[in-house]
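Quick note on numbering: our numbering labels position 16 of the sequence shown as 16, and the sequence is numbered without any gaps. Glycine is no exception: its CB is placed at the ideal position from the N, C-alpha and C atoms. In what follows, a single structure is set out as structure tokens and then discussed.
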Amino acid sequence: TKMMNSAISSFQDAFDIKGEVGRLVDIATSETLLGADLQQNRQICDKVNAGGKEAAKDAVRTVRKRLKNKNPKVQLLSLSVLEALVVNCGPDLLTQVATRETMNDLQSVVLQPSVDSGVHRKTLQLIQ
């Protein structure tokens, strides 16, 4: 079943299929927001905690995609959601954050020469 779960996850990534949590992350990281919506972030955390492993995968997968957006506001909002998730969610979420893929994504943000200084600082803060 591990291979099947991996195949499903790859399929979801390829076709950008999101569950409810992924859609909430998209809303919380919208470039139209003025700043982080703490209530929305709490709602995402509640859904992840209630939804278990699949909700955690959906949340982290969507945060990773939003982090790759070139807009610094979207990147900062993504980091804000990620921080809320790490602080407020359990081991299913932490396992997803600790993957090589997620860590590589965070590292690539830090190593981008043109990255916004606020994004750079926030990413380093989260890695530590």
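query                                                                           : result
Through-space distance from Val-86 to Leu-93, alpha-carbon basis                : 7 Å
Length of the line joining the Cα atoms of Ser-101 and Ile-127                  : Per the sequence presented here, residue 101 reads as Glu, with Ser not at that position. Going by the C-alpha atoms only, they are around 14 Å apart.
Cβ neighbour criterion (16 or more within 10 Å) applied to Ser-78               : buried
Rounded straight-line distance, which links the Cα of Pro-113 to that of Arg-23 : 30 Å
As assigned by DSSP and simplified to three states, the class of Lys-70         : coil
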